[in-house]
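For the sequence shown, the working numbering assigns the number 82 to the initial residue and increments by one for each residue that follows.
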Amino acid sequence: MNQPRCWAAIPAAGIGRRMRAGRPKQYLELGGRRVIDHTLARFVGHPAIHRVVVALHPEDPYWPDCAHAGHARVHTVAGGAERADSVLRLLDWLLQQEAADDWVLVHDAARPCLPRADLERLLARAGAHPVGGLLAAPVADTMKRDDAHGAVRETVPREGLWHALTPQMFRVGMLHRALGDALARGHLVTDDAGAMELAGHHPLLVEGSRANLKITRPEDLPLAAFLLEEEKD
Ligand code: CTP
Ligand code: MG
């Protein structure tokens with residue numbers, strides 16, 4: 082059989098409600114280029130990545146102005162109502178490319194600071210695992226559960242708890258089946274590994290840096306700018 086290829090699938094169809102900016106956060110300016118161009122540059126031209134496919138909002142007016150729009154190795158599809166719907170559309174497209182046995186790295190457009198070393202570690206470790214895996218960072222803070230009235234109900238031991246990051250790396254066909262089933266059964270799936278878990282799989286946790294932050298709230302943008310500046314040194 083041929084060597085499996087490795088694709089990057091980038092959900093970028095969100096509107097960035099929590100960011101409260103004038104436009105979706107993936108199109109905000111960050112160190113002289115768009116957030117999404119930083120993100121795509123991590124995959125486009127990477128020797129292990131065959132092609133990149135991006136899910137866009139159906140009424141997105143911003144994409145055509147991005148540096149990667151029209152790039153020969155970057156394809157686009159229309160996204161859906163939730164992140165999981167957008168990922169499913171990306172996987173539908175990949176199946177049309179006869180990529181069922183290939184690997185896919187699903188990575189949020191809003192994570193422009195993915196360290197190169199973390200990407201390499203994920204490719205090596207998840208790529209050698211029967212199911213695949215995800216970048217994740219051990220929880221550092223003490224965790225509290227609230228009582229639904231703004232006070233603490235309990236402290237949750239942080240031992241063994243991880244923040245799920247992206248990329249998350251799975252076989253296209255397996256992830257498509259898992260995510261499709263999870264959505265059909267009405268599950269709320271906030272990451273790709275979650276769908277695999279519902280299908281009974283145990284994805285590998287690959288430790289990654291907290292520098293791989295997801296731009297979510299206004300204070301995250303200057304933090305991302307700082308991290309990208311640091312990376313240059
Ligand atoms: N995303 C997507 N399709 C959606 C919703 C989200 O492709 N229907 C993408 C976002 O563009 C982002 C990633 O999924 O790159 C992670 O989602 P999130 O951080 O929640 O982004 P938004 O949904 O845009 O932000 P918010 O939840 O604050 O509205
Ligand atoms: Mg969202």
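All C-beta atoms, glycine included, are put in the ideal place defined by N, C-alpha and C.
If you draw a 10 Å sphere on the C-beta of D272, you find 16 or more other C-beta atoms in it, and that means buried.
Secondary structure of V220 (DSSP, three-state): coil.
When Cβ pairs closer than 8 Å are counted between the two stretches, the stretch 86 to 96 is seen to touch the stretch 167 to 180, the count reaching three or more. Within the same chain, and ignoring the five residues on either side of H149 in sequence, the residues whose Cβ sits closer than 7 Å to its Cβ are D118, L121, V125 and V155.
Between the ligand MG and the CB of G95, the shortest heavy atom gap is smaller than 6 Å.
A check of alpha carbon separations from M224 across P211, H244, V212 and A276 identifies H244 as the nearest. Annotated three-state conformation of F124 is coil, per DSSP.
Runs of the beta strand (DSSP E) lying entirely within the stretch 98 to 178 and spanning at least 3 residues, in chain order: 133 to 137 and 155 to 159. Rounded to the nearest angstrom, the gap between the Cα atoms of A265 and G254 is 16 Å. In this chain, the beta strand (DSSP E) harbouring A89 covers C87 to A93.
Contact annotation: V237 and R226 have beta-carbon atoms nearer than 7 Å. In terms of Cβ geometry, A274 and A259 do not form a close pair [threshold 7 Å]. Under the three-state reduction of DSSP, V233 is assigned to strand. Under the three-pair Cβ rule at 8 Å, the stretch 185 to 198 counts as touching the stretch 276 to 293.
Within the same chain, W88, R154 and H156 come within 7 Å of R132 by CB-CB distance, once the 5 residues on both sides are set aside. Boundaries cannot be given for R266, as no beta strand (DSSP E) includes it and DSSP labels it neither H nor E.
By the Cβ neighbour-count rule, A162 is exposed, with fewer than 16 other Cβ atoms within 10 Å of its own. In this structure, L200 sits away from H257, with a CB-CB distance that is not shorter than 7 Å.
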